[in-house]
Structure formats: C-alpha cells, structure tokens
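S.K.:
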Amino acid sequence: MDRQGNVLNKEQYIGAPIERAHLHRGFNSKKTPVKWIRFFRACVMQREIAREFKNKRIKNTWFIFLGIFVGSFVTIPLSSISPSLGIIPGALGVLVFPGIIIAIITTYRTNRKFKKNFTEGFDFFADYFSALFTLIEEDLQLDSKIALEANVKDTVTDENLIKNESYTSESRGFISGVEKNYERVISKGSCFFNDESLIFFQFSERTRKRIIKKRGSSGKRKTKHKYRAAYPFTIKMKIPKHKYQLNPTIDTSQISFAEDDQYYVFKVYRKFDVKKENPDQYNPYEESSISSFAVDYFSLEVINLINTCYSCVTPSA
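Using my numbering, the letters of the sequence shown map in sequence onto residues 713 to 1029.
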C-alpha cells in the first residue's frame, strides 16, 4: 500500500529496487511494518512479472517452431505450381529438426534461469507475515522498526540435514527405508512494543522425509518419498519490571520464566502441525504444508503467544 493506503498496481512494481539476491537467498533488514508489507508484495510482484515474461518467451519460441512445422506441409502444393516455389517446403522441412532442438533448449534454459533468480518463498511472507505485522503494528513504538531475517531457500537440502538413519516398517511389501530429518529457520526477528517490552521471535520448518522401497502387488519394485512437516514458532518476551508486576502464580507447563534486574523474561512455544490440527489437508507427498493453515489462524495463534506472556504480569499502579 502507498502512503494514502491505496493498493499499488503491477506497473508501479516494474523496476522496483528489490535486489535479486533477496528473491532467492533471503534478507536481513529493519523496516516499519508498512515497508515490510510493501517489500514482500514487491518481491512477489516482481517474480510474477518475470514469470509472465518467461511464459511469453517460451510461447513465442514454440509458436515459431509450430509455424515452421505446419508450413513445411502446407506449402507442399506450391511445388506443383512452380519449381522455384517448391524450394519453400523443402527449406522449411530442413528447419524442423534443428527447430525443435532449439525450442527444447530455449525452454529448458529459460525455466532454469527463472528458477535460479526467483523463489516461491515470498508468497508465504506476503500473506502470513503481512497479516501478523498488521495486527501488531498499533502496539509498536512510534516509527518503530521490525528487525527481520529470513531464509527462503528449500528446507530439504543437504545443508539443513540434521539426522539420517534407517527406517523399518511392518507394512506389506516393505523392502528397505531411510528416514531423513531437516530443519531450517525460516525467519527470526525482534521489535519493541510501545510499553518498552522487547519481543524476539523465531519461526522454523522441521521436515521428516522417508524414502521407502517396497514391492507392489504385481511384484514390481517402487520407491516412495513421504514427508511430514511441522512449524515451531517461538516467542521470547522481555517485559520491563518498572511497568509491570509479576503475578503470584505462573503456569510453567505453558511458559518458561526467568528474570534479570530490569526485565521479566518469558518464552512460549507453538508448533503448527497440519497432520494433527487439520488432517484432511495433510498430503504426505508434499514437502511443505504451511499453506494448509489459514492466514488469520496463523497470525491469531501467534498473537495468543504474546498474550500468554502478558497474562503473567499486571500493570503497575
């Protein structure tokens, strides 16, 4: 949105100063909530513009090839009209084979370049974190900025592998299996609230991948890749002692507590698990399942974590 609250259109994002490194490696910066929302939206929009350009180039490439291919047949009757015109279908026929090779190579290179320069990860930030930042914006200090670091790479990569072990099963036809566990910190950040409380947050993705080899009813061997992902969201809040008093009792089953000279320090944790919370949306063959959670559900659950911390204190008189 712009300063007047109007939604920016596609044309205003063309050429926006968003570094390509942000689009496929992540980012680390401090911005106001509104600027973060603009940033997420700009990244998504720039990728969509690039996608349209990619699709148009591929479409034009295959359109030219199709024209050559069809033309090599359509122009055959010209040879009966004039010997000189008979050269045309022959020339077009010669171009068919190299034409399809060029079209395939162009399509492959165009898709590879797009995948290298742009990621899908900003859709998540544009939807989920924009909603969250909108909810907490009025609780921040005036012109306060949110420090945010993000990693938009894939989770299932060698660099995120934390455990690799064999897997066994009693299921029919089971031959062998491997279980791999991955963990990636999607984002972490901090900000000050207007009551001088300091909040730190971290959001991660934990993915379990099972590679199962089994024999089907027909006797043919097959390999299946099954996934289960969970999304821990951790909040650590430092609430100032000079503004709040600690309540007599704290439910330590839901929250961890410590204190120093100036702050009460609370830590709360919430794990989003689609298989437990929304099993109808669970698909074991998809790596990521975060999009199965509604945007408002996600943001309100995070707000509940903050409220849990505040429920442990009372404002000083």
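Glycine residues also receive a C-beta, built at the ideal position from the N, C-alpha and C atoms.
Taking the alpha carbon of aspartate 973 as the reference point, which residue from Lys987, Asp963, Lys950, Thr961 has its own alpha carbon closest?
M.R.: Minimum Cα distance to aspartate 973 is reached at Lys950.
S.K.: Within the same chain, show all residues whose beta-carbon is closer than 6 Å to that of phenylalanine 886, passing over the 5 residues directly before and after it, in chain order.
M.R.: Here the set comprises Lys926.
S.K.: In terms of residues, what are the limits of the beta strand (DSSP E) holding valine 1025?
M.R.: First-last of the beta strand (DSSP E) with valine 1025: 1025-1027.
S.K.: Bridge partners for methionine 949 per DSSP, in chain order?
M.R.: Paired residues: Ile911, Phe978.
S.K.: Comparing C-alpha positions only, which one of Phe781, Phe984, Pro1027, Leu910 sits nearest to glutamate 917?
M.R.: Checking every option, the nearest Cα to that of glutamate 917 belongs to Phe984.
S.K.: Per DSSP, what kind of secondary structure is asparagine 767 in: helix, strand or coil?
M.R.: Looking at asparagine 767 - three-state DSSP - the assignment turns out to be helix.
S.K.: For the stretch 842-907, list the alpha helix (DSSP H) runs that are entirely contained and at least 4 residues long, ordered along the chain.
M.R.: The qualifying runs are 842-848.
S.K.: Would you say phenylalanine 904 and glutamine 853 are within 7 Å of each other, going by their C-beta atoms?
M.R.: In this structure, glutamine 853 lies closer than 7 Å to phenylalanine 904 by Cβ.
S.K.: Mapping the DSSP letters down to three states, classify asparagine 1016 as helix, strand or coil.
M.R.: Residue state, collapsed to three classes: helix.
S.K.: Residues in the same chain with beta-carbon distance under 8 Å from isoleucine 858, minus the five sequence neighbours each way, listed in chain order, please.
M.R.: Result list for isoleucine 858: Lys742, Lys743, Thr744, Pro745, Trp748, Phe845, Leu852, Gly901, Ser902, Cys903, in chain order.
S.K.: Looking at C-alpha atoms only, which residue of Val756, Arg922, Asp992 is the closest neighbour of threonine 880?
M.R.: Selected option, being the one with the closest Cα: Arg922.
S.K.: Let me know if arginine 824 comes out buried or exposed under the rule of 16 or more other beta-carbons within 10 Å of its beta-carbon.
M.R.: So arginine 824 ends up on the exposed side.
S.K.: Do asparagine 740 and glutamate 861 have their C-beta atoms closer together than 7 Å?
M.R.: Yes, Cβ-Cβ distance for asparagine 740 and glutamate 861 is below 7 Å.
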